[in-house]
Every structure is written in structure tokens, then in C-alpha cells.
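First the structure, in the form of C-alpha cells, and then the observations on it.
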Amino acid sequence: EAGVAQSPRYKIIEKRQSVAFWCNPISGHATLYWYQQILGQGPKLLIQFQNNGVVDDSQLPKDRFSAERLKGVDSTLKIQPAKLEDSAVYLCASSRSGLGDSPLHFGNGTRLTVT
Amino acid sequence: GESVGLHLPTLSVQEGDNSIINCAYSNSASDYFIWYKQESGKGPQFIIDIRSNMDKRQGQRVTVLLNKTVKHLSLQIAATQPGDSAVYFCAEKSRDSNYQLIWGAGTKLIIKP
Numbered sequence: 755e756a757g758v759a760q761s762p763r764y765k766i767i768e769k770r771q772s773v774a775f776w777c778n779p780i781s782g783h784a785t786l787y788w789y790q791q792i793l794g795q796g797p798k799l800l801i802q803f804q805n806n807g808v809v810d811d812s813q814l815p816k817d818r819f820s821a822e823r824l825k826g827v828d829s830t831l832k833i834q835p836a837k838l839e840d841s842a843v844y845l846c847a848s849s850r851s852g853l854g855d856s857p858l859h860f861g862n863g864t865r866l867t868v869t
Numbered sequence: 056g057e058s059v060g061l062h063l064p065t066l067s068v069q070e071g072d073n074s075i076i077n078c079a080y081s082n083s084a085s086d087y088f089i090w091y092k093q094e095s096g097k098g099p100q101f102i103i104d105i106r107s108n109m110d111k112r113q114g115q116r117v118t119v120l121l122n123k124t125v126k127h128l129s130l131q132i133a134a135t136q137p138g139d140s141a142v143y144f145c146a147e148k149s150r151d152s153n154y155q156l157i158w159g160a161g162t163k164l165i166i167k168p
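And the structure:
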């Protein structure tokens, strides 16, 4: 079974620029998540999709972050404009369902550096 | 608020010895627990999970123990190998948090040769 694919692996941008990340989840996984991880900390949920609908985006800074999963498979996360504090690793994860005993499987993330 | 935390930020273990990584949680309603391993430059990797109706579950070289009385979770790694070096996170889900993963801060496991 192929894992969660993410691209790019690294991105360096200047503040106020925009950036987009792409994620392809494990085939058949209905639930897709975007997390932000600061070095040394656990991941922080940004947004959760169930198929192509948003389940939880309560921690997504909607003034600058947006995400979509139009066909219920791939997803993109965009930041516009970026701030210095957005420097982090952005992880995509998927699971068969969003319910209790359904573990999340993560991609290797995109490391974003904002200068 | 509810949280999941780890007792030790760093654990050094001799290669070949057993490792025990501990985790305390505060939400007694949590019904599902997961251990993840995160190597440098990679995403968290699922290791093992356990439901709240169990107190022990074994995998390949790993065992998870759940003590609901004291709200404690542990991950035991048998015969620790250099490839086990990573940061280990415990995480929990509960119905009252809409099954969102709540993460601990992570324990860094260092293997001494």
C-alpha cells in the first residue's frame, strides 16, 4: 500500500509571499488532515476533510490559510501571505474514517522556511 | 483543558536493552490511544494502538500497556536497536473531542552503542 504523498519536501519563501502544498492520501481513505508541526512539538491540526467536505477547520488561520479537497482525493493547502511564524513542517495525514479506532497515516511533510 | 503528556523528554538506552516510554493522560473519557514514532525529517509513523477496553496489546517487539485507573500509557520496545532512535509521541482520541488526536509533547529515545 502506497503511503501518503506530499510535495514539495522543502520550500523557502520570503514573508508576504504565497505558497502551496499538495497531498495525495492513501487510496480509499475518506478522511484527510493537514497539520502544522513546530520543531519538538506534537502536530497541531489545521483542517480535517471527510471526502470533500470540511469537518473541522477551527484552528485554521482563515485570514491567510486556505485548503481544498475538491474531488475528495488530493488536497492543497495554501498560505497567502506568509508570515515568519508560519515556518514549520506541514504534514498531511489520512485515515479510513474520522472515527475512534482509525489510525492516521502521515506523509513526510513539507518543511517551510519563511525569511 | 484535557491533555496528554509525557514524563521524560529524553530517554537514553543501551543497545539491546528494553526501552519503556511513559505517557500520562488526563481525559478519563479517552477511548483510543496511539503511539507514533517520528524519525528526523519524516512524518509520524504509526506503531501500535490500543482501545480503552484493553489493558495490553503486543506487536512486533513493541507492547503497549494501558492503566485506566491511573490514566497511564506506556510503550515498551524490546531489544532496542539503533533504528529505534526517534521521537515517540502518544496520542489519544475521545468522543467528546470529536475524535481529534490530542498529542503529547514527545520523548526522544537515544540508543547508546
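Heads up: the sequence lines are chains A and B, in that order. Note that the numbering used here has the first sequence beginning at 755, numbered continuously upward. Note that the numbering used here has the second sequence beginning at 56, numbered continuously upward. Backbone N, C-alpha and C fix where the C-beta goes; we use that ideal spot for every residue, glycine too.
Can you tell which of the options has its C-alpha closest to the C-alpha of residue i?
i, options, result
"residue 165 of chain B", "B/137, B/130, B/157, B/151", "B/137"
"residue 865 of chain A", "B/72, B/158, B/95", "B/95"
"residue 108 of chain B", "B/86, B/131, B/151, B/147", "B/86"
"residue 868 of chain A", "A/842, A/796, A/861, A/859", "A/842"
"residue 844 of chain A", "B/97, B/65, B/64, B/88", "B/97"
"residue 788 of chain A", "A/809, A/837, A/856, A/839", "A/809"
"residue 856 of chain A", "B/73, B/116, B/120, B/101", "B/101"
"residue 846 of chain A", "A/782, A/769, A/797, A/768", "A/797"
"residue 116 of chain B", "B/150, B/153, B/132", "B/132"
"residue 134 of chain B", "B/118, B/122, B/154", "B/118"
Just the chain B side, please: which residues come within less than 8 Å of residue i by C-beta, in chain order?
i, result
"residue 834 of chain A", "The premise fails here: residue 834 of chain A is roughly 24 Å from chain B at the closest Cβ pair, so nothing lies under 8 Å."
Which same chain residues, not among the five before or five after residue i, have their C-beta less than 7 Å away from its C-beta?
i, result
"residue 834 of chain A", "772, 818"
"residue 804 of chain A", "784, 785, 852"
"residue 126 of chain B", "79, 80, 81, 83"
"residue 822 of chain A", "829, 830"
"residue 840 of chain A", "833, 866, 868"
Looking at the secondary structure, which residues open and close the beta strand (DSSP E) in which residue i lies?
i, result
"residue 111 of chain B", "111-113"
"residue 866 of chain A", "864-868"
"residue 792 of chain A", "That residue, residue 792 of chain A, is in no beta strand (DSSP E); it is neither H nor E in DSSP."
"residue 799 of chain A", "798-804"
"residue 818 of chain A", "Per DSSP, residue 818 of chain A belongs to no beta strand (DSSP E) and is neither H nor E."
"residue 106 of chain B", "100-106"
"residue 780 of chain A", "Note, residue 780 of chain A: premise wrong, no beta strand (DSSP E); not H, not E."
"residue 843 of chain A", "842-849"
"residue 77 of chain B", "74-80"
"residue 760 of chain A", "759-761"
"residue 164 of chain B", "162-167"
"residue 66 of chain B", "65-69"
"residue 93 of chain B", "87-93"
Run down chain B in chain order and give the residues with a C-beta less than 9 Å from the C-beta of residue i.
i, result
"residue 803 of chain A", "Here the premise fails: no neighbours, minimum Cβ distance about 13 Å."
"residue 810 of chain A", "153, 155"
"residue 860 of chain A", "91, 93, 97, 98, 99, 100, 101"
Within its chain, find whatever has a CB closer than 6 Å to the CB of residue i; leave out the 5 residues flanking it on each side and keep chain order.
i, result
"residue 776 of chain A", "761, 830"
"residue 61 of chain B", "With a pLDDT of 42 at residue 61 of chain B, under the threshold of 50, the predicted position of this residue should be treated as unreliable, though the coordinate-derived value follows. These residues qualify, in order along the chain: 78, 159, 160, 162."
"residue 764 of chain A", "865"
"residue 76 of chain B", "130, 143, 162"
"residue 778 of chain A", "759, 828"
"residue 114 of chain B", "103"
"residue 774 of chain A", "830, 832"
"residue 57 of chain B", "Low confidence applies to residue 57 of chain B: its pLDDT is 39, below 50, so where it sits in the model is not reliable enough to give any reading."
"residue 814 of chain A", "800, 801"
Can you list, in chain order, the residues of its chain with a C-beta nearer than 8 Å to that of residue i? Leave out the 5 residues immediately preceding and following it.
i, result
"residue 99 of chain B", "91, 92, 93, 144"
"residue 167 of chain B", "67, 68, 69, 70"
"residue 140 of chain B", "94, 164, 165, 166"
"residue 156 of chain B", "89, 146, 147, 148"
Using a C-beta to C-beta distance shorter than 7 Å, which residues of chain A count as neighbours of residue i?
i, result
"residue 159 of chain B", "796"
Please compile the residues from chain A whose C-beta is within a distance smaller than 9 Å of the C-beta of residue i.
i, result
"residue 106 of chain B", "854, 855"
Whose Cβ in chain B lies nearer than 7 Å to the Cβ of residue i?
i, result
"residue 863 of chain A", "98"
Note down, in chain order, every chain A residue with its Cβ under 8 Å from the Cβ of residue i.
i, result
"residue 72 of chain B", "Within chain A, no residue comes near residue 72 of chain B; the closest Cβ sits about 25 Å away, beyond 8 Å."
(request) With a floor of 3 residues, list each beta strand (DSSP E) that falls wholly inside the segment 108-154 of chain B, ordered by position along the chain. (result) 111-113, 117-122, 127-132, 141-148
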